[in-house]
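Student: A single structure is presented below for examination.
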Amino acid sequence: MHGWEGTTALLHPSSNEFTTQPVIEHDGGLRVRGMALWLDATRSRDRCFVSHAHSDHAIRHRRIIASPQTARLYEHRLGRTFAETYAFLAPFDVDGATCRLLPAGHILGSSQILIEHQGRRIVYTGDCRMREGLTAEPIAVEPCDVLVMESTFGRPHYVFPEPAEVARRLCRFIEGTWDEGLTPVLLAYALGKGQEAMKLLGDRGYSCAVAESIFRIARIYEEYGVRFGRYELLDPTLGAEGVRDQVVIVPPHLRRSQVLEDIGPCRTAILTGWAMDRNCRFRYRVDEAIPLSDHADFQELLALVRQVAPKKVYTVHGFPEFAKHLRLLGYDADHLG
779 MHGWEGTTAL LHPSSNEFTT QPVIEHDGGL RVRGMALWLD ATRSRDRCFV
829 SHAHSDHAIR HRRIIASPQT ARLYEHRLGR TFAETYAFLA PFDVDGATCR
879 LLPAGHILGS SQILIEHQGR RIVYTGDCRM REGLTAEPIA VEPCDVLVME
929 STFGRPHYVF PEPAEVARRL CRFIEGTWDE GLTPVLLAYA LGKGQEAMKL
979 LGDRGYSCAV AESIFRIARI YEEYGVRFGR YELLDPTLGA EGVRDQVVIV
1029 PPHLRRSQVL EDIGPCRTAI LTGWAMDRNC RFRYRVDEAI PLSDHADFQE
1079 LLALVRQVAP KKVYTVHGFP EFAKHLRLLG YDADHLG
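In my numbering, the protein residues as written are 779 to 1115.
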């Protein structure tokens, strides 16, 4: 059980101030009304805050504001760019507003942005995670007036097991696969999830063979102090012998590729928060789905709102029902899509 599970939310009466004069504009991205800075815009902009380097948040812009880690990963994926980088908690000025980047707990370098503008404190979370991961900086929570937050897993049944239980399930899958004389293959996104799996397994003495995209990003993680156990670049041409006694980690798009054909008989598990859905294993066509997630689950999202105690909440990147749930708890909340 999460440490925050079962607690009661404080009620915050709806505020006409934010209803009649919306603070956030939403048009191919988000921005604070009266500011030119965009937040994780989905169309190319002159200047944009990029919360992290996943492709659904990081597209090419003329200039970005990001943490040094995110800028490094952004350039690895998209090439050279003009990046204004700021360390976590260091103040900087944008359009007359004082801003700070706060760690978001999602992946290496993932950031929230705190904007103090016209007497209001506004926080945009990007993707975030309250529980502590193995390869991301722990989240920092700041009180604010307006909270713009992700709601990816904003339905009540998305409550993830404790990390220790997830690790046990993953190890059982690996050991059981070896007992059958097969190769365990984990499907994990190249940025973030792949490195989290490498760290989890390496800390438990497993050796990993990883796809090139995961390998190259792991090298960047190492530049910022993340230490992995034994791992090497996957060479599928060596067949099953080349991955004997190793755990293979590849991105999900390689599930039905020649890569897995070449390494021979295997069992596959996808690492995702969507494993909480009963049909997840069938949807991804894998042998097992394990709920290793770098997002906040439903209880964590509620905990974030309670700790921030905002007057207004905007939800993005997820289920509209989460904003409705917050309204039932007394918060002034709207979903922006």
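Note that the Cβ used here is the ideal one computed from N, Cα and C, for glycine as well. Predicted, not measured: the structure shown is a model, and the values here were computed from it.
Please determine, among Cys949, Cys906, Leu964, Tyr1002, the residue with the shortest C-alpha to C-alpha distance to Arg981.
Tutor: Note that residue 981 is Asp in the sequence shown here, rather than Arg. Of the listed residues, the one whose Cα sits closest to Asp981 is Cys949.
Student: Would you mind working out which of Leu1082, Gly1115, Thr820 sits nearest Tyr1109, comparing C-alpha positions?
Tutor: The option with the nearest alpha carbon to Tyr1109 is Leu1082.
Student: Among Leu1106, Leu817, Ser845, Ala942, which has the Cα closest to the Cα of Asp834?
Tutor: Ranking Leu1106, Leu817, Ser845, Ala942 by Cα distance to Asp834 puts Leu817 first.
Student: For Ala1047, does the three-state DSSP call read helix, strand or coil?
Tutor: DSSP places Ala1047 in strand when its eight states are reduced to three.
Student: Alpha carbon to alpha carbon, what distance is there between Ala1111 and Pro921?
Tutor: So the alpha carbons of these two residues sit roughly 16 Å apart.
Student: Pull up the CB-CB distance for Gly1096 and Ser929, whole angstroms please, since I reckon it's below 8 Å.
Tutor: With a Cβ gap of about 3 Å, Gly1096 and Ser929 count as contacting.
Student: If you measure between the beta carbons of Ile1027 and Ile998, is that distance less than 9 Å?
Tutor: Contact flag unset, no.
Student: Determine, using beta carbons only, whether Arg907 and Ala942 come nearer to each other than 9 Å.
Tutor: It is not a contact, given that the beta carbons lie outside the stated cut-off.
Student: What ranges does the beta strand (DSSP E) occupy inside the region 990–1070, keeping only unbroken runs of at least 3 residues that lie completely in it?
Tutor: Taking only runs of at least 3 residues, the beta strand (DSSP E) segments lying wholly in the region 990–1070 are 1009–1011, 1025–1028, 1044–1049, 1066–1068.
Student: Given a threshold of 16 other Cβ atoms within 10 Å of its Cβ, counted over all protein chains shown, does Gln1024 qualify as buried or as exposed?
Tutor: Under this definition Gln1024 is a buried residue.
Student: The alpha helix (DSSP H) that contains Val1083, what's its start and end?
Tutor: Val1083 -> alpha helix (DSSP H) spans 1076–1086.
Student: Which whole-angstrom value is the C-beta distance of Pro939 and Pro1069, which I expect to be below 8 Å?
Tutor: That belief holds up - the Cβ atoms of Pro939 and Pro1069 are roughly 6 Å apart, short of 8 Å.
Student: Asp1072 and Gly970 - do their beta-carbons sit closer together than 9 Å?
Tutor: Going by C-beta atoms, Gly970 is nearer than 9 Å to Asp1072.
Student: Measure the alpha-carbon distance for Glu974 versus Leu886 and round it to whole angstroms.
Tutor: Glu974 and Leu886: Cα-Cα distance of roughly 10 Å.
Student: Name, in chain order, the residues that DSSP records as bridge partners for Ser889.
Tutor: Its beta-bridge partners are Pro881.
Student: So for Ala942, helix, strand or coil by DSSP?
Tutor: It is helical.
Student: Which word fits Gly812, buried or exposed, when buried means at least 16 other C-beta atoms lie within 10 angstroms of its C-beta?
Tutor: By the 10 Å Cβ count, Gly812 comes out exposed.
Student: CA-CA distance, Thr863 and Glu1010?
Tutor: So the two alpha carbons sit approximately 31 Å from each other.
Student: May I have the straight-line CA-CA distance separating Phe870 from Phe931, to the nearest angstrom?
Tutor: When rounded, the distance between both Cα atoms is 32 Å.
Student: Would you call the CB atoms of Arg1045 and Asp1065 closer than 9 Å?
Tutor: Cβ atoms of Arg1045 and Asp1065: closer than 9 Å.
Student: Quick check on this structure: which residue in Val963, Arg1056, Asn1057, Ser822 has the alpha carbon closest to the alpha carbon of Glu1035?
Tutor: Here residue 1035 turns out to be Ser, not Glu, going by the sequence shown. Measuring from the Cα of Ser1035, the nearest candidate turns out to be Val963.
Student: Please name the residue in Thr876, His830, Arg1059 whose C-alpha comes closest to that of Leu856.
Tutor: Residue His830 is the option with its Cα nearest to Leu856.
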